[in-house]
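Chemist:
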Amino acid sequence: MSTRLEDTLAWMNELTAEMEERRKAVHRGGGAARQKKQRDAGKLTARERVTALLDEDSFVELGVFTEHAGFEMMRGLDAPGEGVVTGYGTISGRTVFVFSQDFTVLGGSLGKMHAQKIAKVMDLAVKTGAPIIGLNDSAGARIQEGVDSLSGYGEVFYRNAVYSGVVPQISAILGPCAGGAVYSPALTDFVLMSRGSSYMFITGPEVIKSVTKETVTFEELGGADVHGRRSGVAHFEADGDEAVLATIRELLSYLPQSAKEQPPFKQTEDPESRETPELLGIVHPDQRRPYPMVDVIRAVVDDGGWLEVQPEFAKNILCGFARLGGQAVGIVANNPRHLAGTLNIDASDKAARFIRTCDCYNVPVVTFVDVTGFLPGVAQEHAGIIRHGAKMLYAYAEATVPKITLIVRKSYGGAYLAMNSRDMGADVVLAWPTAAVAVMGAEGAANIIYRREIGGSQNPDSTRAAKISEYKERFDNPYWAAGRGYIDDVIDPKGTRQQLIRHLRMLREKEEARPFKKHGNMPL
Ligand code: HXC
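Using UniProt numbering, you'd call the opening residue of the sequence shown number 1 and step up by one each time.
(1) For leucine 343, which three-state DSSP category applies?
(2) Confirm the yes/no value for this check: CB of serine 100, any heavy atom of the ligand HXC, distance under 7 Å.
(3) Return yes when the C-beta of proline 176 is under 7 Å from any heavy atom of the ligand HXC, and no when it is not.
(4) Determine whether the Cβ of methionine 440 lies closer than 8 Å to any Cβ atom of chain B.
(5) Any heavy atom of the ligand HXC within a distance shorter than 7 Å of the CB on aspartate 35?
(6) May I ask you to report which of helix, strand or coil DSSP gives aspartate 295?
(7) Quick check: the Cα distance between glutamate 72 and glycine 377, rounded to an integer number of angstroms?
(8) Is any heavy atom of the ligand HXC found at a distance shorter than 7 Å from the C-beta of leucine 106?
(9) Any heavy atom of the ligand HXC inside 7 Å of the beta-carbon of alanine 46?
(10) I'd like to confirm something about alanine 139: is its beta-carbon nearer than 7 Å to some heavy atom of the ligand HXC, or not?
(11) Glycine 140: which of Met200, Lys391, Val371 sits nearest, CA to CA?
(12) The ligand HXC and alanine 181: does the residue's C-beta get closer than 7 Å to at least one heavy atom of that ligand?
(13) How far does the alpha helix (DSSP H) with glycine 180 in it reach, from first residue to last?
(14) Compare the Cα-Cα distances from tyrosine 486 to each of Arg422, Arg497, Gln458 and report the closest residue.
(15) If we ignore side chains and look at the alpha-carbon of each, how far apart do leucine 430 and alanine 333 end up?
(16) Give the C-beta separation of leucine 500 and valine 300 to the nearest angstrom, bearing in mind that I take them to be a contact with Cβ-Cβ under 8 Å.
(17) Under a three-way DSSP split, which group does residue 537 fall into?
(18) When every heavy atom of the ligand HXC is checked, does at least one fall within less than 7 Å of the C-beta of tyrosine 479?
(19) Measure the C-alpha to C-alpha separation of valine 363 and glutamate 470 and round it to an integer number of angstroms.
(20) Using the Cα positions of valine 98 and isoleucine 132, report the straight-line distance between them to the nearest angstrom.
(21) Along the chain, which unbroken stretches of the beta strand (DSSP E) at least 3 residues long are found entirely within the segment 55-118?
(22) For the beta strand (DSSP E) that contains glutamine 169, what are its first and last residues?
(23) How about tyrosine 158: is its Cβ closer than 7 Å to a heavy atom in the ligand ZN?
(24) Return yes when the Cβ of isoleucine 345 is within less than 8 Å of the Cβ of tyrosine 396, no when it is not.
(25) How long is the line joining the alpha carbons of arginine 452 and glutamine 458, rounded to whole angstroms?
(26) Does the Cβ-Cβ distance between phenylalanine 374 and glycine 414 come in under 8 Å?
(27) Give a yes or no on whether the C-beta atoms belonging to lysine 117 and glutamate 82 are separated by under 8 Å.
(28) With three or more beta-carbon pairs closer than 8 Å as the criterion, would you say the segment 198-217 touches the segment 256-270?
(29) With H, G and I counted as helix, E and B as strand and the rest as coil, what does DSSP make of arginine 323?
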């Protein structure tokens with residue numbers, strides 16, 4: 001009897017030893033030399049990234065022993081773990097699902113089974129209601145697998161789209177992501193890039209050179225600065241893998257696990273009734289003088305905490321997350337320091353996308369307004385400012401989360417509506433005494449409506465001045481709009497924080513129904 005038990009134990013030990021050997025082989029990825037190359041490029045390995053992202057010892061791996069399903073050209077090729085590490089763990093104690101592509105294994109290229117591993121964790125994320133985080137480092141479709149790898153991308157893209165708005169989807173770009181490797185991230189809620197070691201492009205420099213004869217480096221074509229400042233593809237840039245992963249952790253602190261939940265509440269020591277007298281010195285009474293709107297935001301929110309989204313793209317509008325009285329909020333604000341805070345194509349795209357993201361995940365939207373209008377110009381008109389500006393109108397009207405608008409200074413014309421006026425669905429509209437709501441600025445208005453009087457007058461300059469001041473008296477203040485019910489209250493800037501927190505609390509249980517539809521047809 002004891003011999004049989006010993007035999008069984010010996011047999012089991014052999015099996016578990018083999019299992020551990022196999023596991024170790026998978027953990028070695030593409031081998032020491034390729035891992036060294038990865039580290040020499042300033043990058044962490046796929047597994048190190050998972051460890052750095054998640055809470056200590058929380059990672060549970062799935063699909064460890066998956067092998068490639070490639071035939072013919074893949075024969076004889078080894079692909080440990082199929083070039084991607086998948087599983088789940090926790091961030092600040094909350095479950096997240098994760099996949100991390102291993103560039104040391106066939107360049108992190110995506111084959112059929114690699115895609116299936118990703119699809120499995122995406123499915124689990126949705127079934128269990130938890131975010132999915134992709135750590136992308138991939139040369140795109142695995143060339144040896146032909147249409148199987150394209151099909152693999154299809155499986156991932158399909159889920160990215162169908163699961164959009166169900167659970168937060170976050171993509172970190174941590175290496176040279178080419179071809180199909182960029183479209184999955186582009187379909188997710190947030191894209192983060194590491195400066196200097198990540199690139200995103202559909203066709204690389206060599207192909208571009210052969211087709212268009214343009215010479216361009218990887219960095220110039222699709223580096224973090226390009227996508228964070230010019231294309232608007234990336235929402236965050238950071239220096240190195242660790243900084244990107246830390247930003248993901250911070251970002252998730254503002255988001256719920258899924259669309260069924262509310263964002264996490266974070267207790268704050270910052271008193272609700274804290275006055276903000278510093279605001280009185282920030283906003284200049286001369287409407288043409290710029291000031292840093294970000295200072296207004298930081299002064300008002302809990303502990304000055306502000307996670308700005310796309311901080312270097314379309315700087316005329318600020319979008320970001322903060323907390324008010326512990327409650328996560330998304331803030332949209334005109335930035336008079338850039339293009340006088342006007343709305344242009346990029347600003348409209350940026351804000352519309354952000355508002356929709358907040359609405360997906362039950363994050364209330366607070367809007368700080370100081371805007372003269374849409375940016376005039378032939379280039380803007382020809383590039384479709386009508387189509388793009390419409391996105392903002394659509395996004396605000398569509399959003400059913402609590403929406404509070406604070407008019408800080410100017411709010412003119414179409415931009416008054418695009419910045420979430422009462423009629424566009426704002427639940428509460430507040431204004432500072434410095435606010436001015438009108439169809440346009442007093443000078444422009446007087447020149448149009450009093451053109452005949454000014455032209456026919458003996459002293460056109462003084463008539464113009466008189467008409468401007470007449471118009472200003474009527475509209476260059478918040479009281480006309482408040483008198484017509486478009487503003488709920490004109491508040492002392494010192495009390496802004498308290499007012500916003502109270503209104504947000506009142507709106508916490510807000511429900512707003514919409515008529516039945518399959519889905520809206522947002523202008524794109
Ligand atoms: C299979 C690939 C691969 C690929 C690279 N490798 N790309 N294996 N399929 N697509 C392998 C290399 O053979 C090499 O293997 C290892 O990955 C690392 O590649 P290197 O070229 O040595 O690395 P590096 O110099 O850093 O250059 C990285 C790179 C380059 C810029 C990404 O590899 C590259 O341009 N690859 C091709 C990118 C591409 O065109 N992908 C297909 C896109 S089309 P060893 O064994 O030497 O380590 C696409 C279609 C889907 O994705 C579209 C859906 C919309």
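Glycine included, every Cβ here is placed at the ideal spot set by N, Cα and C. Model, not experiment: these values are computed from the prediction.
Modeler: Let's see:
(1) strand
(2) no
(3) yes
(4) No chain B appears in the structure shown, which is made up of a single protein chain.
(5) In the sequence on display, residue 35 carries glutamine and not aspartate. Flag unset: Cβ of glutamine 35 not near the ligand HXC.
(6) helix
(7) 57 Å
(8) yes
(9) no
(10) yes
(11) Met200
(12) yes
(13) 180-186
(14) Arg422
(15) 14 Å
(16) 7 Å
(17) Look at the range of the chain in this structure, 1 to 524, and you will see that residue 537 is not part of it.
(18) no
(19) 42 Å
(20) 6 Å
(21) 60-62, 84-91, 94-101
(22) 169-173
(23) For the ligand ZN, the structure offers nothing, since it holds only the ligand HXC.
(24) no
(25) 12 Å
(26) yes
(27) yes
(28) no
(29) strand
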